[in-house]
Ligand SMILES: *Cc1c(COP(=O)(O)O)cnc(C)c1O
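Numbering (our numbering), first residue to last: 126 to 518.
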């Protein structure tokens with residue numbers, strides 16, 4: 126593999142060189158004063174990333190799926206009703222986790238590429254006593270972005286807790302945990318957070334912690350129990366050492382650097398930049414004549430794109446793109462898996478990355494005989510980038 130290949134899949138992503146470099150520093154003892162300071166300030170800064178000064182951040186070794194499991198197993202007791210708003214593969218995974226913890230799971234499933242409509246959600250919340258509602262902010266199998274603010278506002282008057290799976294969103298898509306009254310937002314390091322795989326991250330509202338404290342039954346998972354991790358996070362935030370399970374020290378160096386970079390850019394600027402990048406990819410799809418999986422532009426994510434292959438052209442497309450130095454991802458949604466491909470555009474993506482990706486896609490399409498105006502996609506991207514928000518300095 127060429128070291129100059131561009132990894133444009135929906136996670137893991139291209140990481141900033143400074144984030145990668147810091148991982149090669151000597152591993153500090155996890156209770157050393159130097160590491161306590163690094164971990165403590167990283168937790169403080171994560172509150173700004175989630176836009177949740179009142180939230181309690183958790184950083185635990187594991188992948189995004191562990192973060193999903195932590196959210197569910199701490200809030201849900203046997204028989205509790207959990208409403209899963211399902212926009213694809215990761216919605217279905219959330220339902221499977223809730224079932225494993227013997228919740229009474231109700232799922233509202235959107236048609237592929239569409240969203241579950243707010244009226245359906247409201248109707249269900251009116252009819253049933255739902256303890257926890259889960260939303261995938263961006264379902265990585267379809268590139269559909271959920272209307273999190275609107276849905277969370279419906280849950281609130283019913284006393285329903287809202288859990289947002291932000292694995293493919295948090296750090297890039299607009300998200301305001303406190304303003305939107307989301308109870309748990311969870312994510313992982315390797316997507317929009319911009320750190321190599323291995324960290325599960327959560328931000329938990331005081332209301333969700335109260336619900337956990339009010340449980341009648343113990344959390345049926347030893348490693349995931351907030352009771353193990355809450356004292357540890359609180360200790361590091363107070364700049365005191367503590368131990369439950371060894372933290373992945375070098376990955377936390379990387380998180381520290383990535384979060385510092387994000388905040389230096391500013392969350393508002395990041396949201397605007399990723400909106401621009403999303404629009405640029407949409408403009409390219411239109412110019413080249415490819416159909417997007419999200420059924421209308423307003424619900425297409427800024428962090429990734431999902432495009433159907435042109436008729437009869439799927440074989441050989443991804444390898445042709447790779448020959449041009451760009452790695453894209455195959456389909457994931459079981460209903461359309463072989464009919465589309467995915468482009469990740471999260472993290473420290475640059476204008477150059479966007480242009481190179483579209484150029485490689487055009488090259489592959491041309492090679493495979495797809496009729497279109499060569500350069501139309503690149504021109505559309507250049508125009509969308511010129512009209513949109515500034516890239517990070
Ligand atoms: C990637 C992803 C996950 C799972 O994360 P892992 O780190 O692969 O376990 C969950 N939800 C969404 C929306 C994702 O994109």
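From the three backbone atoms N, C-alpha and C, an ideal C-beta is built for every residue, glycine too.
Requested in this report: Taking only runs that begin and end inside the segment 391-424, name each unbroken alpha helix (DSSP H) of 4 or more residues, in chain order.
Outcome: 392-413
With 16 other CB atoms within 10 Å as the buried threshold, where does residue 316 fall?
Translated into positions along the chain shown, residue 316 becomes position 191. Result: buried.
Hey, would you say the C-beta of residue 193 is under 7 Å away from at least one heavy atom of ligand 1? Start at 1 with the first residue of the chain shown, and residue 193 comes out as number 68. Yes - ligand 1 has a heavy atom lying nearer than 7 Å to the Cβ of residue 193.
Practice prompt. Indicate, with yes or no, if ligand 1 has a heavy atom lying under 7 Å from the CB of residue 136.
Written response: As a working note, residue 136 is residue 11 in the chain shown. Relative to ligand 1, the nearest heavy atom lies less than 7 Å away from the CB of residue 136.
- prompt: Is it a yes or a no for the segment 367-377 touching the segment 330-345, going by three-plus beta-carbon pairs under 8 Å?
  reply: no
Segment limits, beta strand (DSSP E) that includes residue 440: Stepping through the chain shown from its first residue, residue 440 is reached at position 315. Premise fails: residue 440 is in no beta strand (DSSP E) and is neither H nor E.
### Message
Let me confirm a value: residue 142 is counted as buried when at least 16 other C-beta atoms fall within 10 Å, else exposed. Which label applies?
### Response
Along the chain shown, one-based indexing puts residue 142 at 17. It counts as exposed.
Would you say residue 290 touches ligand 1, meaning its beta carbon is less than 7 Å from a heavy atom?
Taking the first residue of the chain shown as position 1, residue 290 is located at position 165. Judged by the Cβ position, residue 290 qualifies as a neighbour of ligand 1 at the 7 Å threshold, a heavy atom of the ligand being closer than this.
Worksheet entry | Bounding residues of the alpha helix (DSSP H) (the contiguous stretch that carries residue 265) | By 1-based counting over the chain shown, the position of residue 265 is 140. It is not in any alpha helix (DSSP H) - residue 265 carries neither H nor E in the DSSP assignment.
*Those residues which DSSP pairs with residue 181 across a bridge*: Walking along the chain shown from the start, residue 181 turns up at place 56. DSSP output for residue 181 lists 329 as bridge partner(s).
Length of the line joining the Cα atoms of residue 487 and residue 502 = Residue numbering aside, residue 487 sits at position 362 when the chain shown is read from its first letter. Residue numbering aside, residue 502 sits at position 377 when the chain shown is read from its first letter. Rounded to whole angstroms, residue 487 to residue 502 spans 7 Å at the Cα level.
Range covered by the alpha helix (DSSP H) that runs through residue 228: The residue labelled residue 228 in the question sits at position 103 within the chain shown. Looking at the DSSP string, residue 228 is not in any alpha helix (DSSP H), and its letter there is neither H nor E.
| message | Please report the distance separating the alpha-carbon of residue 304 from that of residue 311. | response | As a first step, residue 304 must be located in the chain shown, where it is residue number 179. As a first step, residue 311 must be located in the chain shown, where it is residue number 186. Each residue's Cα considered, the two are about 16 Å apart.
| message | Could you give the first and the last residue of the continuous beta strand (DSSP E) run that contains residue 469? | response | Residue 469 sits at position 344 when you count from the first residue of the chain shown. It spans 465-469 - the beta strand (DSSP E) in which residue 469 sits, taken as one unbroken run.
Q | Straight-line gap, residue 352 to residue 346 (C-alpha atoms, nearest Å) | A | As a first step, residue 352 is located in the chain shown; it is residue number 227 there, counting from the start. As a first step, residue 346 is located in the chain shown; it is residue number 221 there, counting from the start. Spanning the two alpha carbons is a distance of roughly 11 Å.
* Use the C-beta contact count for residue 253: other C-beta atoms within 10 angstroms, 16 or more gives buried, fewer gives exposed. => Along the chain shown, read from residue 1 onward, the residue named residue 253 stands at position 128. Classification for residue 253: exposed.
Review point. Do you know how far the Cα of residue 266 is from the Cα of residue 461?
Key: Locating residue 461 in the chain shown gives position 336, where the first residue counts as 1. Locating residue 266 in the chain shown gives position 141, where the first residue counts as 1. So the alpha carbons of these two residues sit roughly 10 Å apart.
query = Nearest CA to the CA of residue 172: which residue from 280, 193, 483, 384?
reply = As a position in the chain shown, residue 172 is number 47, starting the count at 1. Closest option to residue 172, Cα to Cα, is 384.
If you measure between the beta carbons of residue 314 and residue 376, is that distance less than 8 Å? Numbered from 1 along the chain shown, position 189 holds the residue referred to as residue 314. Numbered from 1 along the chain shown, position 251 holds the residue referred to as residue 376. Yes; because the gap between Cβ atoms is below 8 Å, this pair is in contact.
Check: Considering residue 357, what are the terminal residues of the alpha helix (DSSP H) in which it resides?
Finding: Walking along the chain shown from the start, residue 357 turns up at place 232. For residue 357, the enclosing alpha helix (DSSP H) has its first and last residue at 351-362.
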